[in-house]
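Shown next, in structure tokens, is the structure this report addresses.
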Amino acid sequence: MSDRRPLSHEQLGALLTAAGKGDRASLEAIVRELTPLLWQVARAQGLDREASADVVQTTWLRLLRSLTDIRAPGALVSWLVTVAKREAWQVSRAQRSERVVAELPDEPDSGAEPGERVAISDRNRRLWTAVSMLSERCQYLLRVVAFMHRPDYDLIAAALGMRRGSVGPQRGRCIDRLRRLLTSVPAEQGGEW
1 MSDRRPLSHE
11 QLGALLTAAG
21 KGDRASLEAI
31 VRELTPLLWQ
41 VARAQGLDRE
51 ASADVVQTTW
61 LRLLRSLTDI
71 RAPGALVSWL
81 VTVAKREAWQ
91 VSRAQRSERV
101 VAELPDEPDS
111 GAEPGERVAI
121 SDRNRRLWTA
131 VSMLSERCQY
141 LLRVVAFMHR
151 PDYDLIAAAL
161 GMRRGSVGPQ
171 RGRCIDRLRR
181 LLTSVPAEQG
191 GEW
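Just so you know, we're using the UniProt record's numbering here: the sequence shown kicks off at 1 and counts up by one.
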């Protein structure tokens, strides 16, 4: 990760305006700056590498088609994140509907004992039950941070429309809330972490 500061909303807006007038270098600068964020958004929705690549590419194509239609160039990051999320959700729904029983292995995985697999499955179910009880903002923040080796708080702040200095404390509050939920979810819903 480089030490250079991310571009501000105003700088990105100016690049978008120039790109809308045909300046290829401005468009390339936008793509270079925001592609990592779009990857994080796609991966945070649970997509694999190939599906995430498709989402990122589709998001950029949507921007190309809408270059002159975006009324608030300073809101480019939010616009791209929204498009990427919606595209990722659509891809995720399509993938779920394509899964068939034929894809199941003929024999169970011999890597873990059946009891261990049940315990892992139960723990995962309890975790995702608790995550689903968090606010949408906390869910998004924790998913993005979980998929990043070194979270870029500037990009996260831009995507969530919050100040950079608020990302860490918000993340801490979300983790605390998740921790409380994990200990309070009734056993029949996957509790007793």
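Yeah, the Cβ is synthetic: ideal placement off N, Cα and C, and Gly gets one too. Being a predicted model, the structure only gives us computed values, none of them experimental.
Query: Consult DSSP for L61 and reduce its assignment to one of helix, strand or coil.; Result: helix
Query: Any heavy atom of the ligand MN closer than 7 Å to the beta-carbon of V91?; Result: Looking for the ligand MN in the displayed structure turns up nothing, as the structure carries no ligands at all.
Query: Going by C-alpha to C-alpha distance, which of D54, V118, G74 and L76 sits closest to E87?; Result: D54
Query: Leaving out five residues on either side along the sequence, give the residues of the same chain with a beta carbon under 8 Å from the beta carbon of residue 208.; Result: This structure gives no information on residue 208, because the portion of the chain shown stretches from 1 to 193.
Query: What did DSSP end up calling R71 once you bin it into helix, strand or coil?; Result: coil
Query: For L15, is the classification buried or exposed, using 16 other Cβ atoms within 10 angstroms of its Cβ as the cut-off for buried?; Result: buried
Query: What did DSSP end up calling G161 once you bin it into helix, strand or coil?; Result: coil
Query: Counting C-beta neighbours from all protein chains within 10 Å, is the total for S52 16 or more, i.e. buried, or is it exposed?; Result: buried
Query: Using C-beta distances below 7 Å, list every residue in its chain close to R177, excluding the 5 sequence neighbours before and after it, in chain order.; Result: L134 and C138
Query: Between the segment 64-79 and the segment 117-137, do three or more beta carbon pairs fall short of 8 Å?; Result: no
Query: Just the C-alpha distance for R113 and S132, rounded to the nearest angstrom, thanks.; Result: With the sequence shown as reference, residue 113 is identified as Glu, and Arg is not the correct amino acid for it. Each residue's Cα considered, the two are about 28 Å apart.
Query: Who are the near neighbours of G74 in its chain, counting only those whose CB is closer than 8 Å to its CB and skipping five residues on each side?; Result: H9, E10, L12 and G13
Query: Give the C-beta separation of A158 and V77 to the nearest angstrom, bearing in mind that I take them to be a contact with Cβ-Cβ under 8 Å.; Result: 4 Å
Query: Under three-state DSSP, which class holds P6?; Result: coil
Query: Nearest CA to the CA of R143: which residue from G165, R123 and R171?; Result: R171
Query: Have a look at V167, M162 and R179 and flag the residue whose alpha-carbon is nearest the alpha-carbon of P151.; Result: V167
Query: Measure how close the beta-carbons of P6 and L160 come, nearest whole angstrom, since I'm counting them as under 8 Å.; Result: Not quite, the Cβ-Cβ distance comes to about 14 Å (not below 8 Å), so this is no contact.
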